[in-house]
Structure formats: structure tokens, C-alpha cells
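Inspection log for the structure reproduced underneath, given as C-alpha cells.
Protein chains in written order, with this note's numbering: chain A, 2 to 307; chain B, 130 to 781.
Written out as C-alpha cells, the structure is:
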């Protein structure tokens, strides 16, 4: 339990570091040196040391939004096995709780955006409400596959100890579909290219960034930390699917897990460097691809088992 | 049975007393609300005791020396009684300050009479032990709610809504009557309990006919057409009762008949599940397209009836495929959602009622910033929105959690069960996401931002009796969401297990699940408290500024520029265009000095559109052709009746 708690704290602490990897990769493709790997820590410290300016249109919900969205991401990490180690909490059905908890975080992010009475933030909020609907359908499709394989409905049963499935194990080939589908979900849920561009400068084309335009200081720091944690959550799941090995040695497990994470974050960075952001009306088609992949994976795997 | 009868008598007394004292407006309201409330409290206590200590409580009396009126309270009845009395009690209290126009004193008094009749008849519907009693109570319920819907009868729109509701409830009743006819024809008995001896084909026919009849009351797609018309027309506390509990009597009817017939073919479970999925998804899609807040909430009732049917359908499939855990999870989830929906939906209707009363409009797109002046309404509405979107730690999540678990049990089974289960799970996920989108729209546009129209600025919230019920309901949403143990226990007690062929339900595994939900919610709150503490530390001695919203460089922002609910929902609706065709009226702007233009959009309900074409027009055509039969001569009418009876005698 103490160890699990330490790993959880480590996950929250390391999340900003890994996100900086993406920036490095993008800088490499751009032929630049890029910011230091600790850039996100500097940013967070800077934000936490500032004060805030609040819009006269806002209410207490505007202040509640960052707290709830950070809380949902951090709570989700409590249920996530770190490098195959047992998580702090786990029960049958905890994944349902986590997915809906992330939904709660989304509700408050949207509510905080609508609180500002800004037309741009409303536009971003509408998109934030729309795209995850398809993502959720995909996630539940993948969950059905995992459930049929293991008979369990918790992250600990899928990703801790000697993992029952992965890219190199039983049903490995359909698992490739799952990895791709989950990667698409990762991009969409964490507002990365090609769904959203965190580095864009035009408010009309943003999704997540435009929703947090009015937040400042520690509030904005919470939002940033929350999104790092959320990305870490999805990235660990994909990493454990790519590198599902249990060696018996903690140090080796940690190395493998880190390697998997680095692969995923670099993949996100490469994706951002070589692909342009999709037009808004093409995003649903992109996301539906992930649903189709997850659906095929489920159907194929069931044939294998029979 | 005594306290049940007493509560019934008190409620009816309240209604009658209102009619007697209508000239003293305040006194009339006090006495009516007082009697109805006391009756509801008594009934609630009685129902809870009977639910916790099950045992057949039955009473029977002769009616017209021919039929016996018999009533019985078992777990299922008691569970529905709990939600009927809870919501009716709070709605009665709410009405005290809501019906505040003393120019309409007589009308209010009449409405209290019908309100009392509605509560009493709903209680009778769920306790009726035979077909005749059920049908009588059902008709009283339909008629009393009809008179409540046309409370504001001056408006032609409301009269039309009432008419539509009248037609639907009676066509539905005809279907139920047909089902009961087959029932009686096969068993020769009016008792629900004697249903299990029929041949399977008759049982299936009864179930399907009854499903159509009950479905039209419950608002199952495509029989939901009356709902979005009737709810905006009725006063808000009536909408709360009708949407919160009255439509659930349809669900009660389906479960009661299913349990008493004991037909465990997968086909009926599949029908219920499919109807649930379609109602759930289309209900919320149409809700997204609405501009009228009460119409929007009415469509959400269609959605939630869908979720309840998904739960019950999973339960029925679990019974058919011999998987008791799946069956119990499905039924428990579905029944708990009945209670949960009655709580958060009445909360939302009451909140909408306060907003409408204080701003004078139901149009979402002219409202805005209501939260600033109406804190209690806003916060309780937020709780209701979170609960109806199925988000933890509120009650909607608990029932959906159980339905999900049941669905996943089914996904591990064989082919048919697998296919139905994955469809149910994915539909639930879609419904959850869409409901979140819809309620961020309502809450974001109505309660947040700035008022979009000068006339729609909300005044202060007044009327403690309107705020108190909303606080109680919001509290219930929270308590069920964090401590679901007792409520799952009640739902498990309500499952008519003997009708499903089970001896008893082991409580242990389900109590573990509720303990997990409590644990997860506690963890969430602990971490939230930690973050809040961190926030206090970070903001200690900091300068907090205040300025206008950043307009991305634009210096002259107005409230009119805010995103409207229509635009908010537009891209999601475009995705569902085949099912929700959008009608737009927007003259193009032309010339150097364009004239004033307007934009009007309307989402067509395909059920309504096709009902016109497929049902209404042919029926009108047929009746037009048969007009010669109706010539106005009373002697011939008597002749018709005699002839009909003579012809029928040949068939008996």
C-alpha cells in the first residue's frame, strides 16, 4: 500500500516531465534545440507563484472547474497500476468509475468555460462535448474485449502483475488494433494533433486551449497539471499494451515501463510533427475509425477464443 | 393496510377541502398542501416499512356486487410507492409558492383536487392485484393528469397538448385492455397471480400488446410523441410528478405483467432492450435540439425511460439465459434508476419552474447568467444535471453502474446475449456522453454567462417552499450517489424474484459493490479536499484582479455574442441528421444595406412526422369514408349497439 502510494505520487510527479518529451521531439523535427526537459516544472512553478484575474462574468464554478478536472485525473491515477505494480485502489468495475469520473472533469471544464460568457470558449466547449462521445463508445468497446478475455472489469486485473494479454501474447494481432484505437483516443482526449493543436494561435480553431483562455495563475496551473496527468494515464495504458512483460524484478519492470512510455510520448511527438490538424468536420470520422478498429478487434478475438 | 388507506383518505380530503375553501386562496393552499403532505408522509413511512418487511399485504372489497376490487402490496409495489409518495410530497410543498396567482383561485383549487386524485390513483395502480382494479385506477390516473395538463387552457397550444395526451393515453389504454382481454380469455380469472398457466403464444401476445400500451404511457420511442407537448403545457410541479413518477407506472405495468406471466423467452427481453436503446439514444438527441427548457427535459424522460428499459431488458435476458447475477444486476439497476430518475427529474423540472416563473420565458437561448441571482436554484439544478448525466458521485451513476455490470455479464455469454449486451453497453456509453453534452448546454446557457436578452434577467429567488423541495432532492441525489447501500438493498427487495423463478437474492455480492462505490466517492472527496487546501495555500496573500472576459482582442463584446444553445448542439445534431432532421429558416443576406434577417431552427421528431403520414392520415381517410354511419339518429345508434351485441354473442 505504501509502495503503491509512492508510485502514485511518482506518477503525478513524472507526468509533466514526459509531456516535455513531446516538445523535444517537435523541436527536433523543426530543426530547433527546443525547451529544456524540465520546462513544464518551471511553467507550473511560475503559475503557482502568480495571482489571478477573474472575469466579472464568472461565478464560483469558474474556480471549481480546475480543481475538479485536476482531481478527476489524479484520482484516476490512483487506480492505475504503475509499471505493473498493484494500484492503491482497485475493485471490480473501477474502470466504469474512472471513465465517468473523467467525464465529471470534462463537465466542469466545460462549465468553467461557459461561465466566462465568451463566444470563443463556448465554441471550444461545444467541441469538447461532442468528440468524447465517440471516444467513450470506443473505450467501452475495448472494455468489452478486455472483459471477455479476463472476466474482470478493473485496471489492476488488466495491467498489473503478469498481464493476461498484450501485443506479444494471446490475441496479439487483434491487440494491435486495440493499440491503434487507444492511441487515437489518447490523441483526441488529450487534445493533441490531428484532433486539436495545443500550439495553435487562432482561437477559432482550438478546442481545449480556448476553453482555458480566461484561467490564470494557480488555477491555470491546476489545469495544466491535470492534463499532464490525464495524458500520463492514457499513455501508461498504451505502454503496458506494447510492453506487457513481467520480469519479476522491480527495477527491470520500471525500465521496461519507462521505455514503453517514452515510445508512446515520442509517437505523439512524431504525429504532431508530421501530420496537420484535421478540419473540424473530419475529426468524427477519424474517431469513428478507432471505434471500427476496436469493434473488429473484439469480433476477431472472439473467433480466436472459440 | 390501515395506514395505506388512511394516507389515501387524507390525500383525497386535501383535494376536496381545496374545492370547498377556494375563496380563501391562502387558506385553501395551506389546507390542501397540508393534507396532501401529511398523507404522503404517512404513505411513505408505510411503504418503506412494507418494503423492509416484505410479506403480502392484501385487501379486497366487492364492487357493484360483481367485481372484486383487490389490492396487494409486495416489494415491487412498495418500491414504486416510495418514489410516488416522495416526489408527490415534495411537489405538493413546491406548489404552495408556485401557484401564486390569486386571480386563478378556483382553478388552483380544481388543480389540487385532480392532483390529489392523481397521487391516489398512482398509488392504486401500483397496488392493484387484479385486472379490473388496475384498469379503473389507470383510467382515473390518465384522466386526472389530463385535467392537470390543461391547467392553462386559454392557450390553444396547451389545449392541443392536452388533446394529444388524451388520445395517446386512451389508445394506449385500448392496447392494455386488449392484452387484458387475452389474459382473461385464456385464464378466466382477473387476478394477476393466475397468469402463469397460459400457453406461451398467448403470453407473448399479451406482453407485446401490453408493452405498446404501457410504452405509450412511459414514453417509449415511438410512442413518446405526447410527452414533449404535455410537459411544457403543465405547471412545473405537475410536470415533475408526471415525468418523475406517473410515466413510471408504465414501467411498473411491464415488470408486473412480465413477472406474473413467467414467460422467459429471450424474444421479449430483446424487444424491451432494443426499445430501450432506441428511446435512450433518440431521446437525448432530440433533447439536444430543443429550444424550450421544459420540452428538453421531457425528451430526457424518453432517454431515461430508455435507460430503465435497458436495465430491465438485460435483467430479462439474464433470466432467459439462466444467468441469475446478470438478471439481478439488470433489474436492480433498472428499478434503482426508476427511483433515481424520479428524484433528479423532478428536481430539474422544479428548477426550470423557478427559472420560468422569475424570468417569464422558457426559451433557453434568451436566458443566461441565472446562477448569479438564483444561487440555490442554480446549485441544485447543477446537482440534478450531474446526476442525470450519470456522473459520480451522484445517484445516476449508481444505477447505470449496476446496469453496466449486468451488461458486461451478458457480454461473456453466448452469441445472442453477447450481441445484445455489447449493443446495450455501447448505447449506454453514447447516452452518457450525449446527456453530458445536453446538460452542459442547459446549465451553461441558462445559468452561466450573461443574460442574452434584457427581458430575461432573473430576479431574486423567493418562495421558501419552492427552494426547500429542491434542496431535499439535491441532497437525495448526493446521498444515493455516495451511500447507495440502503437504496440498492431496497431495489433488490423490489425485484419480483418469485416471478423470475428464483428463491431469494443473496445480498452479499451487491453490498460489496455499493461499498466500492462509497469508497471511490470518498477517495474522490478526500483528494478534492486536498486540492482545495492546496489552492488556499497558493492563493494566500496573492493579488486577485477582476476584469471583463478576454475577447481575443475584440474590444466591444456584447452579451448577444455568446454561444447559444442552438450553436452548441449544432455539430452533434449534424452527426445524427438522419434520425433528427434539422429544419432551418434563414433568409440569405444580400445587397449593400441588408434588411433585417432572422434564424429559426427546429429539429423534427421522426416519430411525430411519420405518425402523421402512416397513422393519422389513413385513419382520417377511413373515418371520412365511414361518415355515413354517423348520421345523428339516436334510434339507429341503439340499433347498432344491439346488433353488435347480437353478433358478438355468436362468437362466445
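Yeah, the Cβ is synthetic: ideal placement off N, Cα and C, and Gly gets one too.
Cβ-Cβ distance between residue i and residue j below 7 Å
i, j, result
"residue 741(B)", "residue 599(B)", "no"
"residue 165(A)", "residue 276(A)", "no"
"residue 521(B)", "residue 235(A)", "no"
"residue 524(B)", "residue 452(B)", "no"
"residue 253(B)", "residue 208(B)", "no"
"residue 471(B)", "residue 216(B)", "yes"
"residue 622(B)", "residue 204(B)", "yes"
"residue 274(A)", "residue 27(A)", "yes"
"residue 138(A)", "residue 619(B)", "no"
"residue 360(B)", "residue 427(B)", "yes"
"residue 246(A)", "residue 232(A)", "no"
"residue 435(B)", "residue 398(B)", "no"
"residue 301(B)", "residue 342(B)", "yes"
"residue 819(B)", "residue 155(A)", "The structure shown does not extend to residue 819(B), since chain B is modelled only from 130 through 781, so no value can be given for it."
"residue 487(B)", "residue 363(B)", "no"
"residue 567(B)", "residue 417(B)", "yes"
"residue 212(A)", "residue 122(A)", "yes"
Integer-rounded CB distance, given that residue j should sit under 8 Å from residue i
i, j, result
"residue 214(B)", "residue 172(B)", "4 Å"
"residue 190(B)", "residue 198(B)", "5 Å"
"residue 734(B)", "residue 354(B)", "7 Å"
"residue 766(B)", "residue 570(B)", "Contact doesn't hold; Cβ gap of about 54 Å is too wide."
"residue 384(B)", "residue 441(B)", "6 Å"
"residue 705(B)", "residue 112(A)", "Actually they do not touch by this definition, with Cβ atoms about 24 Å apart."
"residue 554(B)", "residue 537(B)", "7 Å"
"residue 386(B)", "residue 422(B)", "Actually they are not in contact, since the Cβ atoms of residue 386(B) and residue 422(B) sit about 35 Å apart, beyond 8 Å."
"residue 652(B)", "residue 76(A)", "6 Å"
"residue 80(A)", "residue 95(A)", "5 Å"
Straight-line Cα distance separating residue j from residue i
i, j, result
"residue 557(B)", "residue 614(B)", "23 Å"
"residue 772(B)", "residue 779(B)", "11 Å"
"residue 455(B)", "residue 110(A)", "35 Å"
"residue 438(B)", "residue 11(A)", "44 Å"
"residue 609(B)", "residue 222(A)", "33 Å"
"residue 786(B)", "residue 752(B)", "Since the first residue shown for chain B is 130 and the last is 781, residue 786(B) is missing from the structure and cannot be characterised."
"residue 574(B)", "residue 580(B)", "9 Å"
"residue 190(A)", "residue 209(A)", "10 Å"
"residue 108(A)", "residue 114(A)", "10 Å"
"residue 276(B)", "residue 347(B)", "18 Å"
"residue 88(A)", "residue 515(B)", "28 Å"
"residue 483(B)", "residue 595(B)", "8 Å"
"residue 1(A)", "residue 39(A)", "Any question about residue 1(A) goes unanswered here, given that chain A covers just 2 to 307."
"residue 220(B)", "residue 272(B)", "19 Å"
"residue 672(B)", "residue 53(A)", "7 Å"
"residue 283(A)", "residue 576(B)", "32 Å"
"residue 288(B)", "residue 605(B)", "35 Å"
Partner residues on chain B for residue i, Cβ-Cβ distance less than 8 Å
i, result
"residue 72(A)", "653, 656, 657, 660"
"residue 137(A)", "558, 559, 561, 562"
"residue 148(A)", "537, 540, 541"
"residue 207(A)", "Within 8 Å Cβ-Cβ: nothing; residue 207(A) doesn't reach chain B, min ~10 Å."
Contact list for residue i against chain A, beta-carbon separation under 8 Å
i, result
"residue 515(B)", "105, 108"
"residue 711(B)", "Simply none; closest approach about 15 Å."
"residue 521(B)", "98, 101, 102, 105"
Within chain B, the residues that residue i reaches when beta carbons sit closer than 9 Å
i, result
"residue 119(A)", "578, 678, 679, 680, 681, 686, 690, 691, 692"
"residue 215(A)", "678, 679"
Closer than 7 Å at the beta carbon, the chain B residues around residue i
i, result
"residue 111(A)", "569, 573"
"residue 210(A)", "Those do not exist, as residue 210(A) stays about 12 Å from chain B at its closest Cβ, beyond 7 Å."
"residue 176(A)", "Correct list: empty, because the minimum Cβ distance to chain B is about 18 Å."
"residue 130(A)", "565, 566, 569"
"residue 76(A)", "652, 653, 656"
Partners in chain A for residue i, counting only beta-carbon separations shorter than 9 Å
i, result
"residue 675(B)", "54, 55, 56, 57"
"residue 697(B)", "115, 123, 124, 126, 127, 130"
Closer than 7 Å at the beta carbon, the chain A residues around residue i
i, result
"residue 524(B)", "In chain order: nothing, as chain A lies at least about 13 Å away."
"residue 664(B)", "68, 219"
What are the complete alpha helix (DSSP H) segments, minimum 4 residues, inside the region 259 to 328 of chain B? 260 to 278, 285 to 316
Segments assigned alpha helix (DSSP H), at least 4 residues, entirely inside the region 81 to 160 of chain A: DSSP runs (the alpha helix (DSSP H)) wholly in the region 81 to 160 of chain A: 95 to 115, 120 to 151, 156 to 160.
For a minimum of 3 consecutive residues, which ranges assigned as the beta strand (DSSP E) are wholly contained in the region 148 to 229 of chain B? 186 to 192, 196 to 202
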